[in-house]
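*Asks:*
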Amino acid sequence: MVQGAREQGFYPYFRPINRSWGTEVEVAGRRLIMIGSNDYLGLSHDPRVLEATAQALRRWGSGTGGSRFLCGNLTLHEALEERLATFVGKKKAVVHATGFTTNLGAIACLLTAQDVIVCDRENHASIFEGCQASRARLIPFAHNDAAAAARKLALARQKNLNGCLLLITEGVFSMSGDMAPLDELVKLKKVYPDLLLYLDDAHGLGVMGRQGRGTADHFGLTSQVDFIMGTFSKALASIGGFIAADDEAVLEYLRHHSKPLIFSAALPASNAATVLACLDILDQNPERVARLWEITRRVHAGYREIGLVTKHSKTPIIPIYIGAEEKAFFFAREMFDHGVFALPAIYPAVPRGQAVIRTAFMSTHKERQIQYVLEVLAKLAKKHRIRACDLDEPEPFVERGGFSATAANPSGTSASLAGD
Ligand SMILES: Cc1ncc(COP(=O)(O)O)c(C=O)c1O
């Protein structure tokens, strides 16, 4: 596939970006509108963020010179941990150098071969890597299906009487843009009081809930979620990751047993400072998140008008369903030729034969950019016959899950899109 795509000139990955303005990038001398980035709030180019980053760079230097366990632990890391814990509503947090290694290190060291992990099938690769490294028994359940999770928990309990039981889900799923039914998953804790819930909120942080506090905050269920994991590589405009919890002893254990934390270099100060500056902006400028949701509603409506199939997405991550991988590659190439940068997601990122073009919008996109993207998509969707009417899809949008503004989220930053 890769070789064939290369030979035919439509291999879409590893495209070198020569310059970025956030919502636009320069590739091979051409300026394109970026609609594939996870920089949801467009903070990676905010002057306040850049200034904080530069100051930290001058004070601590460009690298940390070691792992946090040894010489690389900075006061800034500890300030960031405190700030993140407060932000997501937990007592403590532990920062790692990436989101991937946060999942890998945390899951691997928190569980043993005697334990059971019940895991959404569409969870991120880093979660599965962590599960595998832990050697716990892994039982996947059908995506976003709380009833299926309940059945798997019953099975797990039947087979394993004493081990620890952990359920892992993402908050907002990275490819499909749909949300976990967290309210239904939390109810399972009534049936299994020892069940622990682990939420990877890589794509919910900065997007969902009050001032971007995340998916658990959106549902008003923060206290019911035992572990909240997040990354800095999306809305927080940097790189790095953290895990937060109320159980301080467990996090202290993790701090001393997470292999990537002990045996890999610490997050550079400039990245930690970027995240702190982003959190300041979220506190001071909640309209940034509100604007992201305005744009999200606008784009969902635009896609619906064109007839694009976006499945269950209700967030700024909006996949355009294509189907065959080759077709997705062709489609992405034509978007690129029209000046729009977005990438196909193919197996194993999505189920086989269900390729999508993953689009994601930022709060800094301008109306003229959105208008242009919609015009391009309307033209190409007709040409490539990917509209709902071409695909025999009864409905371009299928309602699923309880996605609506909640009492805990009166700001409506992640309000239902049903009112479009
Ligand atoms: C759901 C999810 N978890 C974890 C990660 C890993 O995060 P990072 O890019 O910070 O390593 C990603 C990254 O794509 C992700 O989408």
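Read the sequence shown against our numbering and you will find it ends at 574, with the numbers running on by one and no gaps.
Cβ coordinates follow ideal geometry from the N, Cα and C atoms, glycine included.
Since this is a predicted model, take the numbers as computed values, not measurements.
1. Output the distance between the C-alpha atoms of V361 and G368, rounded to the nearest integer angstrom.
2. Does the distance between the C-beta of I500 and the nearest non-hydrogen atom of ligand 1 fall short of 7 Å?
3. Can the beta-carbon of Y407 be found less than 8 Å from the beta-carbon of F381?
4. With a 10 Å radius around its C-beta and 16 neighbouring C-beta atoms as the bar for buried, classify C543 as buried or exposed.
5. Looking at the structure shown, is I471 part of a helix, part of a strand, or coil, going by DSSP?
6. Cα separation between N454 and I472?
7. Suppose you measure from the CA of L415 to the CA of L430; what does that come to, to the nearest Å?
8. Please name the residue or residues paired with S174 in a DSSP beta bridge.
9. For E276, which of helix, strand or coil comes out of DSSP?
10. In this structure, how does DSSP classify I382 when only helix, strand and coil are distinguished?
11. Identify every residue that forms a DSSP beta bridge with A532.
12. Could you name the residues that DSSP lists as bridge partners for T246?
13. Between which two residues does the beta strand (DSSP E) carrying I293 extend?
14. Under 7 Å: does the beta carbon of G395 sit that close to some heavy atom of ligand 1?
15. Quick one: Cα of P166 to Cα of I261, how far?
16. Just tell me which of L258, A210, R185, H519 has its CA closest to the CA of S418.
17. From S191, N192, W175, pick the residue whose C-alpha is nearest to that of R184; which is it?
18. Return the chain-ordered list of same chain residues with a C-beta closer than 7 Å to the C-beta of P548, the five sequence neighbours on each side being excluded.
19. What's the call for E441, buried or exposed, on a 16-neighbour Cβ count within 10 Å?
20. Could you give the uninterrupted runs of the alpha helix (DSSP H) lying entirely in the stretch 247 to 272, keeping only those of 4 residues or more?
21. Where does the unbroken beta strand (DSSP E) through R185 begin, and where does it stop?
22. Let me confirm a value: T266 is counted as buried when at least 16 other C-beta atoms fall within 10 Å, else exposed. Which label applies?
23. Verify whether the separation of the beta carbon atoms of I189 and V527 is less than 8 Å.
24. In its own chain, which residues sit with a C-beta less than 7 Å from the C-beta of E553, not counting the 5 before and 5 after it?
25. Beta carbon of F254: closer than 7 Å to some heavy atom of ligand 1?
26. Which residues in the same chain have their Cβ closer than 6 Å to the Cβ of P576, if we skip the five residues on either side of it in sequence?
27. Compute the minimum distance between the beta carbon of A356 and the heavy atoms of ligand 1, and state whether it is under 7 Å.
28. Output yes or no for whether 8 Å exceeds the beta carbon distance between V248 and I397.
29. Consult DSSP for E553 and reduce its assignment to one of helix, strand or coil.
30. K468 and M333 - do their beta-carbons sit closer together than 8 Å?
31. Taking only the alpha-carbon atoms, compute the straight-line gap between V156 and A486 and give it to the nearest angstrom.
32. Across the stretch 447 to 463 and the stretch 513 to 530, are there enough close Cβ pairs to call them in contact, namely three or more that are closer than 8 Å?
33. Select from G358, S328, N316, H357 the residue whose C-alpha is nearest the C-alpha of L349.
34. Please tell me whether R512 has its Cβ less than 8 Å away from any Cβ of chain C.
35. Would you give the residue range spanned by the beta strand (DSSP E) that R512 belongs to?
36. On a Cα-Cα basis, can you pick out the residue from A206, T252, K533, G243 that is closest to L230?
*Replies:* Based on what the coordinates show:
1. As a working note, residue 361 is residue 207 in the sequence shown. As a working note, residue 368 is residue 214 in the sequence shown. Computed Cα separation, rounded: 7 Å.
2. Position 346 of the sequence shown, counted from the start, is the residue given in the question as residue 500. Set against 7 Å, the gap from the CB of I500 to the closest heavy atom of ligand 1 is not smaller.
3. By one-based count along the sequence shown, residue 407 stands at place 253. By one-based count along the sequence shown, residue 381 stands at place 227. Result no, Cβ atoms of Y407 and F381 do not sit closer than 8 Å.
4. Counting from 1 along the sequence shown, the entry for residue 543 is found at position 389. That one is exposed.
5. Translated into the one-based positions of the sequence shown, residue 471 becomes position 317. It is a strand residue.
6. Translated into the one-based positions of the sequence shown, residue 454 becomes position 300. Translated into the one-based positions of the sequence shown, residue 472 becomes position 318. In the sequence as presented, Asn is not what sits at residue 454; that position holds His. Straight-line Cα distance between these residues: approximately 8 Å.
7. As a first step, residue 415 is located in the sequence shown; it is residue number 261 there, counting from the start. As a first step, residue 430 is located in the sequence shown; it is residue number 276 there, counting from the start. Their backbone Cα atoms lie some 20 Å apart in a straight line.
8. In the sequence shown, counting from the first residue as 1, residue 174 sits at position 20. For S174, the pairing in a beta bridge is given by DSSP as V179.
9. Your numbering for residue 276 matches position 122 in the sequence shown. In the three-state reduction of the DSSP assignment, E276 falls in the coil class, being assigned neither a helical nor a strand state.
10. On the sequence shown, residue 382 is found 228 positions in, with the first residue counted as 1. When secondary structure is reduced to three states using DSSP, I382 falls in the strand class.
11. As a working note, residue 532 is residue 378 in the sequence shown. According to DSSP, which records beta bridges pairwise, A532 is partnered with nothing at all.
12. Numbered from 1 along the sequence shown, position 92 holds the residue referred to as residue 246. Sequence inspection shows Lys at residue 246; the Thr mentioned does not correspond to that position. Bridge partners of K246 according to DSSP: A399.
13. The residue labelled residue 293 in the question sits at position 139 within the sequence shown. For I293, the enclosing beta strand (DSSP E) stretches over residues 291 to 295.
14. Counting from one through the sequence shown, the residue named residue 395 turns up at place 241. Yes, the beta carbon of G395 sits closer than 7 Å to at least one heavy atom of ligand 1.
15. By 1-based counting over the sequence shown, the position of residue 166 is 12. By 1-based counting over the sequence shown, the position of residue 261 is 107. Here the alpha carbon of P166 sits roughly 33 Å from the alpha carbon of I261.
16. Counted from its first residue, the sequence shown places residue 418 at position 264. When each option's Cα is compared against that of S418, the closest is L258.
17. In the sequence shown, counting from the first residue as 1, residue 184 sits at position 30. Measuring from the Cα of R184, the nearest candidate turns out to be W175.
18. As a working note, residue 548 is residue 394 in the sequence shown. Note that P548 scores 44 on pLDDT, short of 50, meaning its location in the model is unreliable; the coordinates nonetheless yield the value given after this. So no residue of the chain qualifies.
19. Stepping through the sequence shown from its first residue, residue 441 is reached at position 287. It counts as exposed.
20. List check, alpha helix (DSSP H) in window: 253 to 264.
21. Here residue 185 corresponds to residue number 31 of the sequence shown, with the count starting at 1. Its beta strand (DSSP E) spans residues 184 to 188.
22. Locating residue 266 in the sequence shown gives position 112, counting from the first residue. Residue environment analysis places T266 among the exposed positions, since fewer than 16 neighbouring C-beta atoms fall within 10 angstroms of its C-beta.
23. Stepping through the sequence shown from its first residue, residue 189 is reached at position 35. Stepping through the sequence shown from its first residue, residue 527 is reached at position 373. Judged by their CB atoms, I189 and V527 are nearer to each other than the 8 Å cut-off.
24. Indexing the sequence shown from 1 puts residue 553 at position 399. Caution applies to E553, whose pLDDT of 33 falls short of 50 and renders its modelled position unreliable; the model cannot decide the point.
25. Residue 254 sits at position 100 when you count from the first residue of the sequence shown. Yes.
26. There is simply no residue 576 to check, as the chain begins at 155 and stops at 574 in what is shown.
27. Residue 356 sits at position 202 when you count from the first residue of the sequence shown. A356 Cβ: within cutoff of ligand 1.
28. Within the sequence shown, numbered from 1, the residue matching residue 248 stands at position 94. Within the sequence shown, numbered from 1, the residue matching residue 397 stands at position 243. Taking the C-beta atoms as reference points, I397 is found nearer than 8 Å to V248.
29. The residue given as residue 553 occupies position 399 in the sequence shown. Confidence at E553 is low in this model, with a pLDDT of 33, below 50, so the placement of that residue should be treated as unreliable; the coordinate-derived value is given next. For E553, the secondary structure class from DSSP, reduced to helix, strand or coil, is coil.
30. As a position in the sequence shown, residue 333 is number 179, starting the count at 1. As a position in the sequence shown, residue 468 is number 314, starting the count at 1. Less than 8 Å divides the Cβ of M333 from the Cβ of K468.
31. Locating residue 156 in the sequence shown gives position 2, counting from the first residue. Locating residue 486 in the sequence shown gives position 332, counting from the first residue. C-alpha of V156 to C-alpha of A486: approximately 15 Å in a straight line.
32. Yes, the stretch 447 to 463 touches the stretch 513 to 530.
33. Counting from 1 along the sequence shown, the entry for residue 349 is found at position 195. For L349, the nearest C-alpha among the options comes from N316.
34. As a matter of chain content, chain C is missing from the structure shown, which is built from one protein chain.
35. Walking along the sequence shown from the start, residue 512 turns up at place 358. Where R512 is concerned, the enclosing beta strand (DSSP E) stretches over 509 to 514.
36. For this step, residue 230 is matched to residue 76 along the sequence shown. Closest option to L230, Cα to Cα, is A206.
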